[in-house]
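**Student:** The opening position of the sequence shown corresponds to residue 277 in this note's numbering, with each subsequent residue numbered one higher.
Idealized CB from N, CA, C, for every residue including glycine.
All figures in this text were calculated on a predicted structure; none of them were measured in a lab.
Handing you this structure, nothing more for now.
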Amino acid sequence: MGWTLGRYFFFRYVTITIWFFLGLLALVFLIDFTELSGRTTGLPGFTYGTAVAISGLRMPMIMLQTVPFVGLFSAMATLVSLNRRYELVIARSAGVSAWQFLLPCCIGALLFGFVSVGLINPLAAHAFSLSEQIETQLRSGKSNTVSADAAPWIRQKTGSGDTIIGARAILNQGLEMADAVFFVLDQQGNIVERKDAARAYLRDGYWDLQDVKTFKNGTIQPAASDRVPTNLKPEFVQERLARPETIPFYDLPGKIEVARSFGLKANAFAMQFDSLVALPFLLVAMTLIAATVSMRFARMGQSATMILGGVVAGFLLYVVSVLVKAFGVAGFVPTAIAAWVPVVVAMFFGVTFLLYKEDG
277 MGWTLGRYFF FRYVTITIWF FLGLLALVFL IDFTELSGRT TGLPGFTYGT AVAISGLRMP
337 MIMLQTVPFV GLFSAMATLV SLNRRYELVI ARSAGVSAWQ FLLPCCIGAL LFGFVSVGLI
397 NPLAAHAFSL SEQIETQLRS GKSNTVSADA APWIRQKTGS GDTIIGARAI LNQGLEMADA
457 VFFVLDQQGN IVERKDAARA YLRDGYWDLQ DVKTFKNGTI QPAASDRVPT NLKPEFVQER
517 LARPETIPFY DLPGKIEVAR SFGLKANAFA MQFDSLVALP FLLVAMTLIA ATVSMRFARM
577 GQSATMILGG VVAGFLLYVV SVLVKAFGVA GFVPTAIAAW VPVVVAMFFG VTFLLYKEDG
(Lines of atoms letter the chains of each structure in order from A; the text may use other names.)
(Lines give C-alpha, C1' and ligand atoms only; values in the text may rest on other atoms or scores of the structure.)
Protein backbone atom coordinates (compact mmCIF):
# COMPACT_ATOMS: atom_id res chain seq x y z
CA MET A 277 0.00 0.00 0.00
CA GLY A 278 1.35 3.41 -0.96
CA TRP A 279 2.13 6.22 1.44
CA THR A 280 -0.66 8.41 0.02
CA LEU A 281 -3.37 5.80 0.58
CA GLY A 282 -2.08 4.92 4.03
CA ARG A 283 -2.00 8.58 5.02
CA TYR A 284 -5.57 9.01 3.73
CA PHE A 285 -6.83 6.12 5.87
CA PHE A 286 -4.89 7.41 8.87
CA PHE A 287 -6.24 10.96 8.70
CA ARG A 288 -9.73 9.63 8.05
CA TYR A 289 -9.52 7.69 11.31
CA VAL A 290 -8.05 10.68 13.17
CA THR A 291 -10.77 13.04 11.90
CA ILE A 292 -13.60 10.71 12.88
CA THR A 293 -11.99 10.10 16.29
CA ILE A 294 -11.76 13.84 16.97
CA TRP A 295 -15.40 14.38 16.01
CA PHE A 296 -16.54 11.47 18.16
CA PHE A 297 -14.49 12.76 21.09
CA LEU A 298 -15.78 16.33 20.79
CA GLY A 299 -19.38 15.23 20.33
CA LEU A 300 -19.25 12.97 23.37
CA LEU A 301 -17.49 15.74 25.32
CA ALA A 302 -20.34 18.16 24.62
CA LEU A 303 -22.97 15.58 25.60
CA VAL A 304 -21.20 14.61 28.82
CA PHE A 305 -20.66 18.25 29.74
CA LEU A 306 -24.36 19.05 29.40
CA ILE A 307 -25.34 16.04 31.51
CA ASP A 308 -22.77 16.76 34.22
CA PHE A 309 -23.58 20.49 34.30
CA THR A 310 -27.30 19.77 34.65
CA GLU A 311 -26.73 17.23 37.44
CA LEU A 312 -24.26 19.48 39.29
CA SER A 313 -26.54 22.51 39.05
CA GLY A 314 -29.39 20.52 40.54
CA ARG A 315 -27.23 19.53 43.53
CA THR A 316 -25.68 22.91 44.26
CA THR A 317 -28.26 25.52 43.21
CA GLY A 318 -29.43 26.08 46.79
CA LEU A 319 -25.95 26.61 48.24
CA PRO A 320 -24.86 30.13 49.21
CA GLY A 321 -22.34 31.52 46.76
CA PHE A 322 -23.56 29.33 43.91
CA THR A 323 -23.35 30.81 40.42
CA TYR A 324 -23.79 29.18 37.06
CA GLY A 325 -20.28 30.31 36.21
CA THR A 326 -18.99 28.24 39.12
CA ALA A 327 -20.99 25.22 37.95
CA VAL A 328 -19.60 25.63 34.42
CA ALA A 329 -16.06 25.81 35.81
CA ILE A 330 -16.49 22.69 37.97
CA SER A 331 -18.04 20.68 35.14
CA GLY A 332 -15.37 21.87 32.71
CA LEU A 333 -12.60 20.80 35.07
CA ARG A 334 -14.22 17.38 35.46
CA MET A 335 -14.41 16.73 31.73
CA PRO A 336 -10.85 15.41 31.17
CA MET A 337 -11.31 12.81 33.93
CA ILE A 338 -14.71 11.69 32.64
CA MET A 339 -13.57 11.62 29.02
CA LEU A 340 -10.56 9.51 29.97
CA GLN A 341 -13.00 6.80 31.07
CA THR A 342 -14.72 6.90 27.67
CA VAL A 343 -11.52 6.57 25.60
CA PRO A 344 -11.92 2.79 24.94
CA PHE A 345 -15.44 3.34 23.59
CA VAL A 346 -14.35 6.33 21.51
CA GLY A 347 -11.65 4.12 20.00
CA LEU A 348 -14.15 1.33 19.26
CA PHE A 349 -16.82 3.52 17.66
CA SER A 350 -14.26 5.58 15.73
CA ALA A 351 -12.75 2.46 14.17
CA MET A 352 -16.18 1.08 13.31
CA ALA A 353 -17.33 4.39 11.81
CA THR A 354 -14.12 4.72 9.79
CA LEU A 355 -14.34 1.25 8.26
CA VAL A 356 -18.09 1.48 7.66
CA SER A 357 -17.74 4.85 5.90
CA LEU A 358 -14.92 3.50 3.74
CA ASN A 359 -17.09 0.51 2.86
CA ARG A 360 -20.10 2.61 1.94
CA ARG A 361 -18.00 4.70 -0.42
CA TYR A 362 -16.53 1.53 -1.94
CA GLU A 363 -13.06 2.78 -1.08
CA LEU A 364 -12.12 -0.51 0.56
CA VAL A 365 -13.48 -2.40 -2.45
CA ILE A 366 -11.26 -0.36 -4.76
CA ALA A 367 -8.29 -0.82 -2.41
CA ARG A 368 -8.84 -4.59 -2.41
CA SER A 369 -9.07 -4.67 -6.19
CA ALA A 370 -5.72 -2.89 -6.30
CA GLY A 371 -4.17 -5.68 -4.24
CA VAL A 372 -4.29 -4.02 -0.81
CA SER A 373 -4.92 -6.59 1.93
CA ALA A 374 -7.08 -6.08 4.99
CA TRP A 375 -3.97 -5.93 7.17
CA GLN A 376 -2.55 -3.06 5.11
CA PHE A 377 -5.57 -0.77 5.36
CA LEU A 378 -6.05 -1.71 9.03
CA LEU A 379 -2.49 -0.68 9.86
CA PRO A 380 -3.17 3.11 9.64
CA CYS A 381 -6.20 2.70 11.92
CA CYS A 382 -4.16 0.68 14.42
CA ILE A 383 -1.40 3.31 14.37
CA GLY A 384 -4.02 6.01 14.91
CA ALA A 385 -5.48 4.07 17.85
CA LEU A 386 -2.02 3.61 19.34
CA LEU A 387 -1.28 7.34 19.06
CA PHE A 388 -4.69 8.14 20.55
CA GLY A 389 -3.76 5.96 23.51
CA PHE A 390 -0.39 7.66 23.93
CA VAL A 391 -2.06 11.09 23.89
CA SER A 392 -4.65 9.90 26.42
CA VAL A 393 -1.97 8.60 28.80
CA GLY A 394 0.69 11.25 28.28
CA LEU A 395 -1.45 14.39 27.99
CA ILE A 396 -5.08 13.84 28.97
CA ASN A 397 -4.31 11.82 32.12
CA PRO A 398 -2.03 14.41 33.83
CA LEU A 399 -4.45 17.17 32.80
CA ALA A 400 -7.38 15.14 34.14
CA ALA A 401 -5.67 14.47 37.48
CA HIS A 402 -4.86 18.14 38.15
CA ALA A 403 -8.15 19.48 36.79
CA PHE A 404 -10.26 17.01 38.76
CA SER A 405 -8.42 17.84 41.99
CA LEU A 406 -9.07 21.53 41.36
CA SER A 407 -12.76 20.87 40.68
CA GLU A 408 -13.02 19.01 43.99
CA GLN A 409 -11.43 21.93 45.82
CA ILE A 410 -13.86 24.40 44.25
CA GLU A 411 -16.90 22.26 45.02
CA THR A 412 -15.68 21.60 48.55
CA GLN A 413 -15.19 25.32 49.10
CA LEU A 414 -18.73 25.87 47.84
CA ARG A 415 -20.09 23.29 50.27
CA SER A 416 -17.71 24.09 53.14
CA GLY A 417 -19.37 24.02 56.54
CA LYS A 418 -22.80 23.15 55.16
CA SER A 419 -22.82 19.64 56.56
CA ASN A 420 -21.53 18.10 59.77
CA THR A 421 -22.51 14.62 58.66
CA VAL A 422 -19.85 12.26 57.40
CA SER A 423 -21.10 9.11 55.72
CA ALA A 424 -19.22 5.86 56.05
CA ASP A 425 -19.68 5.43 52.29
CA ALA A 426 -18.57 8.94 51.33
CA ALA A 427 -14.87 8.51 52.06
CA PRO A 428 -12.58 5.96 53.68
CA TRP A 429 -12.09 6.06 57.44
CA ILE A 430 -8.68 5.54 58.97
CA ARG A 431 -7.67 4.63 62.51
CA GLN A 432 -4.43 5.87 64.00
CA LYS A 433 -2.81 4.61 67.18
CA THR A 434 -0.98 6.90 69.60
CA GLY A 435 0.32 6.57 73.13
CA SER A 436 -2.78 8.21 74.59
CA GLY A 437 -5.23 6.06 72.63
CA ASP A 438 -6.69 5.62 69.19
CA THR A 439 -8.24 8.22 66.93
CA ILE A 440 -10.75 7.45 64.18
CA ILE A 441 -10.64 9.92 61.32
CA GLY A 442 -13.20 10.55 58.59
CA ALA A 443 -14.04 13.35 56.17
CA ARG A 444 -16.67 14.41 53.70
CA ALA A 445 -14.09 15.09 50.99
CA ILE A 446 -10.49 14.03 50.41
CA LEU A 447 -8.25 16.59 48.69
CA ASN A 448 -4.62 16.95 47.65
CA GLN A 449 -4.17 13.21 47.10
CA GLY A 450 -5.25 12.39 50.66
CA LEU A 451 -3.12 14.94 52.51
CA GLU A 452 -5.99 17.37 53.04
CA MET A 453 -9.51 16.74 54.32
CA ALA A 454 -12.62 18.87 54.15
CA ASP A 455 -15.26 18.76 56.91
CA ALA A 456 -13.13 16.28 58.82
CA VAL A 457 -14.21 14.44 61.97
CA PHE A 458 -11.81 13.11 64.62
CA PHE A 459 -13.11 10.71 67.27
CA VAL A 460 -10.59 10.46 70.12
CA LEU A 461 -10.77 7.16 72.06
CA ASP A 462 -9.31 6.28 75.43
CA GLN A 463 -7.37 3.11 76.26
CA GLN A 464 -10.65 1.20 76.74
CA GLY A 465 -11.96 2.22 73.31
CA ASN A 466 -14.55 4.71 74.57
CA ILE A 467 -15.10 8.00 72.71
CA VAL A 468 -13.95 10.81 74.98
CA GLU A 469 -13.75 13.65 72.49
CA ARG A 470 -14.91 14.66 69.03
CA LYS A 471 -13.34 17.32 66.87
CA ASP A 472 -15.05 18.74 63.77
CA ALA A 473 -12.77 20.73 61.48
CA ALA A 474 -13.51 22.62 58.29
CA ARG A 475 -10.05 21.60 57.08
CA ALA A 476 -7.45 19.10 58.27
CA TYR A 477 -3.89 19.04 56.90
CA LEU A 478 -1.41 16.24 57.51
CA ARG A 479 1.84 17.75 58.79
CA ASP A 480 5.01 16.15 60.13
CA GLY A 481 3.81 14.32 63.24
CA TYR A 482 0.39 15.95 63.63
CA TRP A 483 -2.88 16.87 61.97
CA ASP A 484 -3.32 20.62 61.58
CA LEU A 485 -7.03 21.39 62.12
CA GLN A 486 -8.59 24.67 61.02
CA ASP A 487 -11.90 26.16 62.20
CA VAL A 488 -12.39 23.49 64.87
CA LYS A 489 -15.29 22.63 67.16
CA THR A 490 -14.41 20.29 70.03
CA PHE A 491 -17.20 18.30 71.69
CA LYS A 492 -16.18 17.09 75.17
CA ASN A 493 -18.14 16.42 78.35
CA GLY A 494 -21.30 17.88 76.85
CA THR A 495 -19.71 21.21 75.92
CA ILE A 496 -18.66 22.76 72.61
CA GLN A 497 -15.34 24.57 72.43
CA PRO A 498 -14.73 26.45 69.15
CA ALA A 499 -11.17 27.30 68.12
CA ALA A 500 -9.46 28.75 65.08
CA SER A 501 -6.94 25.90 64.99
CA ASP A 502 -5.92 22.77 66.84
CA ARG A 503 -3.52 19.86 66.58
CA VAL A 504 -4.00 16.12 66.84
CA PRO A 505 -0.78 14.08 67.24
CA THR A 506 -0.24 11.34 64.68
CA ASN A 507 2.36 8.81 63.68
CA LEU A 508 0.89 8.37 60.21
CA LYS A 509 3.22 8.88 57.30
CA PRO A 510 2.05 10.78 54.19
CA GLU A 511 2.79 7.71 52.08
CA PHE A 512 0.38 5.59 54.15
CA VAL A 513 -2.35 8.21 54.07
CA GLN A 514 -2.02 8.64 50.32
CA GLU A 515 -2.10 4.88 49.76
CA ARG A 516 -5.15 4.60 52.01
CA LEU A 517 -7.15 7.67 51.00
CA ALA A 518 -6.00 9.01 47.63
CA ARG A 519 -7.88 7.83 44.58
CA PRO A 520 -5.38 6.45 42.04
CA GLU A 521 -7.02 8.29 39.14
CA THR A 522 -6.23 11.64 40.79
CA ILE A 523 -2.48 10.95 40.60
CA PRO A 524 -0.81 11.81 37.26
CA PHE A 525 0.71 8.96 35.27
CA TYR A 526 4.23 10.36 35.61
CA ASP A 527 3.96 10.48 39.43
CA LEU A 528 2.64 6.95 39.90
CA PRO A 529 5.99 5.05 39.74
CA GLY A 530 7.44 7.24 42.49
CA LYS A 531 4.33 6.87 44.66
CA ILE A 532 4.42 3.09 44.23
CA GLU A 533 8.11 2.83 45.06
CA VAL A 534 7.85 5.00 48.17
CA ALA A 535 4.72 3.21 49.41
CA ARG A 536 6.35 -0.20 49.00
CA SER A 537 9.46 0.99 50.81
CA PHE A 538 7.19 1.49 53.83
CA GLY A 539 5.84 -2.05 53.50
CA LEU A 540 2.58 -1.03 51.80
CA LYS A 541 1.26 -3.02 48.85
CA ALA A 542 0.08 -0.01 46.81
CA ASN A 543 -2.00 -2.34 44.63
CA ALA A 544 -4.42 0.41 43.63
CA PHE A 545 -1.61 2.67 42.40
CA ALA A 546 0.14 -0.22 40.62
CA MET A 547 -3.12 -1.26 38.96
CA GLN A 548 -3.73 2.28 37.74
CA PHE A 549 -0.20 2.51 36.34
CA ASP A 550 -0.35 -0.84 34.55
CA SER A 551 -3.79 -0.05 33.16
CA LEU A 552 -2.57 3.23 31.72
CA VAL A 553 0.47 1.52 30.18
CA ALA A 554 -1.86 -1.03 28.55
CA LEU A 555 -4.42 1.55 27.38
CA PRO A 556 -2.88 2.26 23.92
CA PHE A 557 -2.82 -1.46 23.18
CA LEU A 558 -6.38 -1.82 24.48
CA LEU A 559 -7.39 0.72 21.82
CA VAL A 560 -5.61 -1.36 19.18
CA ALA A 561 -7.57 -4.38 20.42
CA MET A 562 -10.79 -2.35 20.14
CA THR A 563 -9.83 -1.48 16.55
CA LEU A 564 -9.34 -5.16 15.70
CA ILE A 565 -12.72 -5.99 17.24
CA ALA A 566 -14.28 -3.22 15.15
CA ALA A 567 -12.62 -4.67 12.04
CA THR A 568 -14.07 -8.14 12.64
CA VAL A 569 -17.59 -6.77 12.28
CA SER A 570 -17.17 -3.72 10.05
CA MET A 571 -15.57 -5.50 7.10
CA ARG A 572 -17.97 -8.44 7.29
CA PHE A 573 -20.74 -5.88 7.58
CA ALA A 574 -20.10 -4.76 3.99
CA ARG A 575 -20.03 -8.30 2.65
CA MET A 576 -23.18 -9.53 4.37
CA GLY A 577 -25.56 -6.87 3.08
CA GLN A 578 -24.89 -4.27 5.74
CA SER A 579 -26.44 -6.19 8.61
CA ALA A 580 -27.04 -4.03 11.67
CA THR A 581 -26.82 -7.19 13.76
CA MET A 582 -23.09 -7.43 13.07
CA ILE A 583 -22.52 -3.84 14.17
CA LEU A 584 -24.49 -4.49 17.34
CA GLY A 585 -22.33 -7.56 17.89
CA GLY A 586 -19.21 -5.42 17.69
CA VAL A 587 -20.62 -2.96 20.21
CA VAL A 588 -21.52 -5.78 22.58
CA ALA A 589 -18.07 -7.37 22.16
CA GLY A 590 -16.35 -4.07 22.94
CA PHE A 591 -18.58 -3.50 25.95
CA LEU A 592 -17.87 -6.99 27.26
CA LEU A 593 -14.14 -6.39 26.85
CA TYR A 594 -14.45 -3.21 28.89
CA VAL A 595 -16.50 -4.93 31.61
CA VAL A 596 -14.01 -7.79 31.82
CA SER A 597 -11.15 -5.28 32.05
CA VAL A 598 -12.84 -3.49 34.96
CA LEU A 599 -13.60 -6.80 36.69
CA VAL A 600 -10.03 -8.08 36.35
CA LYS A 601 -8.73 -4.72 37.58
CA ALA A 602 -10.77 -5.21 40.75
CA PHE A 603 -9.00 -8.54 41.29
CA GLY A 604 -5.66 -6.79 40.76
CA VAL A 605 -6.46 -4.07 43.30
CA ALA A 606 -7.57 -6.72 45.80
CA GLY A 607 -4.26 -8.54 45.32
CA PHE A 608 -5.75 -11.78 43.98
CA VAL A 609 -3.67 -11.53 40.79
CA PRO A 610 -0.57 -9.47 39.91
CA THR A 611 -1.54 -6.05 38.61
CA ALA A 612 0.45 -6.45 35.38
CA ILE A 613 -1.45 -9.64 34.55
CA ALA A 614 -4.77 -8.02 35.42
CA ALA A 615 -4.02 -5.12 33.08
CA TRP A 616 -2.66 -7.08 30.13
CA VAL A 617 -4.68 -10.32 30.00
CA PRO A 618 -7.89 -8.70 28.61
CA VAL A 619 -5.83 -6.81 26.02
CA VAL A 620 -3.94 -9.91 24.88
CA VAL A 621 -7.11 -12.03 24.73
CA ALA A 622 -8.95 -9.37 22.71
CA MET A 623 -6.04 -9.01 20.29
CA PHE A 624 -5.82 -12.78 19.91
CA PHE A 625 -9.54 -12.96 19.16
CA GLY A 626 -9.38 -10.12 16.63
CA VAL A 627 -6.29 -11.41 14.82
CA THR A 628 -7.60 -14.99 14.73
CA PHE A 629 -10.98 -13.94 13.36
CA LEU A 630 -9.41 -11.74 10.69
CA LEU A 631 -6.94 -14.45 9.69
CA TYR A 632 -9.82 -16.90 9.30
CA LYS A 633 -11.97 -14.50 7.26
CA GLU A 634 -9.31 -12.71 5.24
CA ASP A 635 -6.62 -15.31 4.69
CA GLY A 636 -8.80 -18.41 4.82
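Under a three-way DSSP split, which group does leucine 508 fall into?
**Tutor:** coil
**Student:** Report yes or no: do the segment 528-537 and the segment 360-380 share at least 3 C-beta pairs separated by less than 8 angstroms?
**Tutor:** no
**Student:** Can you give me the start and stop residues for the alpha helix (DSSP H) that valine 468 sits inside?
**Tutor:** That residue, valine 468, is in no alpha helix (DSSP H); its beta strand (DSSP E) goes 467-478.
**Student:** Which runs of the beta strand (DSSP E) fall wholly inside the segment 361-434 and span at least 3 residues, in chain order?
**Tutor:** 430-434
**Student:** Can you tell me which of Gly465, Gly347 and Pro320 puts its alpha carbon nearest to the alpha carbon of arginine 415?
**Tutor:** Pro320
**Student:** Given arginine 283, which residues of its chain have a CB within under 8 angstroms of its CB, disregarding the five upstream and five downstream residues?
**Tutor:** Pro380
**Student:** List the endpoints of the continuous beta strand (DSSP E) containing alanine 454.
**Tutor:** 452-461
**Student:** Is DSSP giving glycine 321 helix, strand or coil here?
**Tutor:** coil
**Student:** Could you check whether the segment 506-515 touches the segment 444-458, counting it as contact only if at least three pairs of C-beta atoms, one from each stretch, sit closer than 8 angstroms?
**Tutor:** yes
**Student:** Considering just the uninterrupted stretch of the beta strand (DSSP E) at threonine 439, what are its terminal residues?
**Tutor:** 437-447
**Student:** What residues in its chain sit with their C-beta under 6 angstroms from that of valine 619, if we drop five residues either side in the sequence?
**Tutor:** Ala554, Phe557, Leu558 and Ala561
**Student:** For threonine 412, which residues of its own chain have a beta-carbon under 6 angstroms away from its beta-carbon, when the five flanking residues on both sides are left out?
**Tutor:** Ala445 and Ala454
**Student:** Between Ser373, Ile523 and Ala474, which lies nearest to alanine 499 when the distance is taken from Cα to Cα?
**Tutor:** For the residues Ser373, Ile523 and Ala474, the minimum Cα distance to alanine 499 belongs to Ala474.
**Student:** Three-state secondary structure (DSSP) at phenylalanine 491?
**Tutor:** strand
**Student:** Report yes if the C-beta distance between valine 627 and leucine 564 is below 8 angstroms; otherwise report no.
**Tutor:** yes
**Student:** For alanine 614, which of helix, strand or coil comes out of DSSP?
**Tutor:** helix
**Student:** Go through its chain and collect everything with a Cβ distance to arginine 479's Cβ below 6 angstroms, but skip five positions before and after it.
**Tutor:** Exclusion of the five residues before and after arginine 479 leaves no residue of its chain whose Cβ lies closer than 6 angstroms to its Cβ.
**Student:** Counting only the same chain and skipping the five closest in sequence on each side, list residues whose C-beta sits under 8 angstroms from that of arginine 470.
**Tutor:** The answer, listed in chain order, is Val457, Phe458, Phe459, Val460, Thr490, Phe491 and Lys492.
**Student:** Just the Cα atoms here: how many angstroms apart are methionine 339 and leucine 301?
**Tutor:** 7 angstroms
**Student:** Going by C-alpha to C-alpha distance, which of Val393, Gly607 and Thr568 sits closest to isoleucine 640?
**Tutor:** Within the shown structure, residues of the chain are numbered from 277 to 636, placing residue 640 beyond reach of any answer.
**Student:** Can you tell me whether DSSP reads proline 556 as helix, strand or coil?
**Tutor:** helix
**Student:** Could you give the distance in angstroms between the alpha-carbon of tryptophan 295 and the alpha-carbon of phenylalanine 625?
**Tutor:** 28 angstroms
**Student:** Using DSSP with H/G/I as helix, E/B as strand and the rest coil, what is isoleucine 532?
**Tutor:** In the structure shown, isoleucine 532 adopts helical secondary structure according to DSSP, grouped into three states.
**Student:** Would you kindly work out how many angstroms separate the C-alpha atoms of isoleucine 467 and arginine 519, rounded to a whole number?
**Tutor:** CA-CA distance, isoleucine 467 to arginine 519, rounds to 29 angstroms.
**Student:** By DSSP's criteria, aspartate 527 is part of a beta bridge. Which residues make up the other side?
**Tutor:** Paired residues: none, contrary to the question.
**Student:** Below 7 angstroms CB to CB, which residues in the same chain sit around glycine 347 once its five sequence neighbours on both sides are set aside?
**Tutor:** Ala385, Phe388, Leu559, Met562 and Thr563
**Student:** Can you give me the C-alpha to C-alpha distance between leucine 306 and phenylalanine 349, rounded to a whole angstrom?
**Tutor:** 21 angstroms
**Student:** Classify leucine 552 as buried or exposed, calling it buried when 16 or more other Cβ atoms lie within 10 Å of its own Cβ.
**Tutor:** Buried.
**Student:** Just list the residues that DSSP pairs proline 498 with in beta bridges.
**Tutor:** Lys489
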